[in-house]
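Asker:
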Amino acid sequence: LGYVDGGGRPVETHGAHAGHAGTDVATLTGPPTGTPAVNVTLTARQEDITLASGKVVKAGYTLNHTSPGPAIVARQGELVQITLLNESVPGGVTLHWHGLDVPNAEDGVAGVTQDAVGPGQRHVYRFVPQRAGTYWYHSHQVADEQVRLGLYGSLVVTPRRPVSPAPDVDVTAPVHTYRGTRAVGGVPGQFPVQAKPGDLVRIRVIDTDDGSLRTWVAGASYRLVALDGRDWHGPTPVTGRAVLIGAGGRADLEFTMPGDGAQVRVGVGGGTTSVLVSPPAGTGARPPAPPVTAPKDDLDLLTYGTPADVGFDPQRPDRTFDYRIGRRPGFVDGKPGLWWSINGHLFPDVPMFQVSLGDVVRMRITNSSGQAHPMHLHGHHVLVLSHNGRPSTGSPWWTDTVPVKDGDTYVVAFVADNPGVWADHCHNLQHASQGLVTHLEYT
Ligand code: C2O
Ligand code: CU
Numbered sequence: 042l043g044y045v046d047g048g049g050r051p052v053e054t055h056g057a058h059a060g061h062a063g064t065d066v067a068t069l070t071g072p073p074t075g076t077p078a079v080n081v082t083l084t085a086r087q088e089d090i091t092l093a094s095g096k097v098v099k100a101g102y103t104l105n106h107t108s109p110g111p112a113i114v115a116r117q118g119e120l121v122q123i124t125l126l127n128e129s130v131p132g133g134v135t136l137h138w139h140g141l142d143v144p145n146a147e148d149g150v151a152g153v154t155q156d157a158v159g160p161g162q163r164h165v166y167r168f169v170p171q172r173a174g175t176y177w178y179h180s181h182q183v184a185d186e187q188v189r190l191g192l193y194g195s196l197v198v199t200p201r202r203p204v205s206p207a208p209d210v211d212v213t214a215p216v217h218t219y220r221g222t223r224a225v226g227g228v229p230g231q232f233p234v235q236a237k238p239g240d241l242v243r244i245r246v247i248d249t250d251d252g253s254l255r256t257w258v259a260g261a262s263y264r265l266v267a268l269d270g271r272d273w274h275g276p277t278p279v280t281g282r283a284v285l286i287g288a289g290g291r292a293d294l295e296f297t298m299p300g301d302g303a304q305v306r307v308g309v310g311g312g313t314t315s316v317l318v319s320p321p322a323g324t325g326a327r328p329p330a331p332p333v334t335a336p337k338d339d340l341d342l343l344t345y346g347t348p349a350d351v352g353f354d355p356q357r358p359d360r361t362f363d364y365r366i367g368r369r370p371g372f373v374d375g376k377p378g379l380w381w382s383i384n385g386h387l388f389p390d391v392p393m394f395q396v397s398l399g400d401v402v403r404m405r406i407t408n409s410s411g412q413a414h415p416m417h418l419h420g421h422h423v424l425v426l427s428h429n430g431r432p433s434t435g436s437p438w439w440t441d442t443v444p445v446k447d448g449d450t451y452v453v454a455f456v457a458d459n460p461g462v463w464a465d466h467c468h469n470l471q472h473a474s475q476g477l478v479t480h481l482e483y484t
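Just so you know, we're using UniProt numbering here: the sequence shown kicks off at 42 and counts up by one.
1) Could you check which residue in Gly-346, Thr-256, Ala-292 and Asp-272 has the C-alpha nearest to that of Pro-278?
2) Relative to the C-alpha of Ala-71, which residue among Gly-270, Tyr-178 and Val-143 is closest?
3) Would Ala-454 and Arg-405 qualify as a contact pair, given that the criterion is a beta-carbon distance under 7 angstroms?
4) Is Gly-289 near the ligand C2O, with its Cβ less than 6 angstroms from a heavy atom?
5) Cβ-heavy atom distance between His-421 and the ligand C2O below 6 angstroms?
6) Could you check whether the segment 265-274 touches the segment 439-453, counting it as contact only if at least three pairs of C-beta atoms, one from each stretch, sit closer than 8 angstroms?
7) Is Asn-408 helix, strand or coil when you go by DSSP?
8) Can you tell which of Ser-205, Val-284, Thr-256 and Leu-424 has its C-alpha closest to the C-alpha of Gln-356?
9) Is Leu-379 buried or exposed, if buried means 16 or more other CB atoms sit within 10 Å of its CB?
10) Using DSSP bridges, identify the partner residues of His-417.
11) Any chance the CB of Leu-470 is under 6 angstroms from a heavy atom of the ligand CU?
12) How about Pro-170 and Val-198: do their beta carbons lie closer than 7 angstroms?
13) Report yes if the C-beta distance between Arg-291 and Ile-247 is below 7 angstroms; otherwise report no.
14) Are the CB atoms of Trp-463 and Gly-420 within a distance shorter than 7 angstroms?
15) For Pro-238, I'd like the list of residues in its chain whose CB is within less than 8 angstroms of its CB, leaving aside the five on either flank, ordered along the chain.
16) Quick check: is the beta carbon of Asn-384 nearer than 7 angstroms to any beta carbon in chain E?
17) Between His-139 and the ligand C2O, is the CB less than 6 angstroms from at least one heavy atom?
18) So if DSSP puts Gly-371 in a beta bridge, which residue, or which two residues, is it bridged to?
19) Rounded to the nearest angstrom, how far is the Cβ of Thr-434 from that of Pro-348, given a contact under 8 angstroms?
20) How is the beta strand (DSSP E) around Asp-250 delimited, first residue to last?
21) For the segment 245-264 against the segment 273-287, are there 3 or more C-beta pairs whose distance is under 8 angstroms?
22) Buried or exposed: Phe-388, going by 16 or more other Cβ atoms within 10 Å of its Cβ?
23) What are the residues that DSSP puts in a beta bridge with Arg-360?
24) DSSP on Ala-473, reduced to helix/strand/coil?
25) Give me, in chain order, the residues of the same chain whose beta-carbon lies closer than 7 angstroms to that of Gly-275; leave out the 5 immediate sequence neighbours on both sides.
26) Could you tell me the alpha carbon to alpha carbon distance between Glu-482 and Asp-341, rounded to whole angstroms?
27) What is the C-beta distance between Val-401 and Pro-358, in whole angstroms, given that I count them as a contact (C-beta under 8 angstroms)?
28) Taking DSSP as the reference, what is the three-state secondary structure of Arg-220?
29) For Gln-475, count neighbouring Cβ atoms within 10 angstroms of its own Cβ and tell me buried if that reaches 16, exposed if not.
30) When the Cα atoms are used, what is the spatial distance from Ser-409 to Leu-196?
31) Apply the 10 Å Cβ neighbour rule to Ala-457 and answer buried if 16 or more other Cβ atoms are within range, or exposed otherwise.
32) Look at Gly-110 and Leu-83 and say whether their C-beta atoms are less than 7 angstroms apart.
33) Are the beta-carbon atoms belonging to Pro-160 and Asn-127 less than 7 angstroms from one another?
34) Let me check one thing: in DSSP terms, what residues is Gly-101 bridge-paired to?
35) Phe-296: which of Leu-477, Leu-92, Leu-241 and Pro-131 sits nearest, CA to CA?
Now the structure itself:
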């Protein structure tokens, strides 16, 4: 498909009006000067991957010989420079900083913000992360295949000033399925992680798969302290409920390690135990692990936590858009079929959403396509106002990926504060490759 191969561009537009530019090139790019605090070279290769479990994935893709690629940790407000070198990935590679609202030119979308980096070529990304949180990076060229086969890694931005209380143990757990094998983490020996009784433990679960996953803690109550790189306001202890994460999403769970001789497990996905935190075995014997049965219910994100100021008035939008996801027969890439549609249009004839800098934008997203679509907007976080008519009354629910199930209606709002042309697509990357893609454009 043109989009993911860095080819075709949408042609029509939506809601066009006489916009004002108000944007110069400098706001679209990262800082050209300055010495980076984080300076990493990531070399992409096609090769076999050995997972932490010892299982080998034939002809996968790696970054610096591993998949997931190196875990990147940066500090809020400090310059990050990442040099992508493509050694041997045939179709070309890019890197997209998922959930990090970087300047447009650093966004890493082949065919939109840059050309794919071919074998033997390189590309330098520079940006300053503005917000602390859990993010990830992945290729955005033929992303369906390249992400699935290994081109991704975690990206954590630590706060400028340490939070209090700071976690004693902080673990990043990207969850990924390689040709039918689910892996958590990737660094051999990363799990189980040791924690002492009383330690505050933070687990950052990242869903790098095409489908949603559920995560929870067994053996202790936990709090959902952040979602999609935004702190949750007023999180209270949760037991017996899971957090549902849409494809591409992240959930940060925190809990206090219970007394001596206790074990805590973090469940991800269909009842699997994947991350295990246990106290040092004083007696030499590992304490028994709590049983892992997946909770029946999910945490209700519309009511969890307490309200807080969101910095704008979502009830007084400058633009409102209807965003209807459906299915219809037609041609995509010259192929006849039943395809995903946006407002009745098929890729690439899907209108862009047009905004002007500073607009408050309200969007009603509906899905009558027969399947779930985690809709990911680049460069922005949106605030969920309601889901199927139920208003959000808990913490402001900021997300970069709206988990729109079949039959769902979400009303979301955001401030158009990051100029450029931004991809907006289903993060079931197979669906994106089948054309469930549009763009947000600043005019
Ligand atoms: Cu995580 Cu457009 O992607
Ligand atoms: Cu989808």
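Beta carbons: idealized from backbone N, C-alpha and C, even for Gly.
Answerer: The structure says:
1) Gly-346
2) Note that residue 71 corresponds to Gly in the displayed sequence, not to Ala. The shortest C-alpha separation from Gly-71 is found at Val-143.
3) no
4) yes
5) no
6) yes
7) If DSSP states are grouped into helix, strand and coil, Asn-408 belongs with the strands.
8) Leu-424
9) exposed
10) Note: His-417 is bridge-paired with Thr-442 and His-466 in the DSSP secondary-structure output.
11) no
12) yes
13) yes
14) yes
15) Met-298, Pro-299, Gly-300, Asp-301, Ala-303 and Pro-320
16) Chain labels in this structure do not include chain E; a single protein chain is all it has.
17) Indeed, a heavy atom of the ligand C2O lies less than 6 angstroms from the Cβ.
18) Gly-378
19) 7 angstroms
20) That residue, Asp-250, is in no beta strand (DSSP E); it is neither H nor E in DSSP.
21) yes
22) The residue in question, Phe-388, is buried, as its Cβ has 16 or more Cβ neighbours within 10 Å.
23) DSSP lists Val-402 as partners of Arg-360.
24) helix
25) Gly-346, Thr-347 and Ser-436
26) 33 angstroms
27) Right, the Cβ-Cβ distance comes to about 5 angstroms (below 8 angstroms), so this counts as a contact.
28) When secondary structure is reduced to three states using DSSP, Arg-220 falls in the coil class, being assigned neither helix nor strand.
29) The residue in question, Gln-475, is buried, as its Cβ has 16 or more Cβ neighbours within 10 Å.
30) Distance between the alpha carbons of Ser-409 and Leu-196: 34 angstroms.
31) Buried, because 16 or more other Cβ atoms sit within 10 Å of the Cβ of Ala-457.
32) yes
33) yes
34) Glu-88
35) Leu-241
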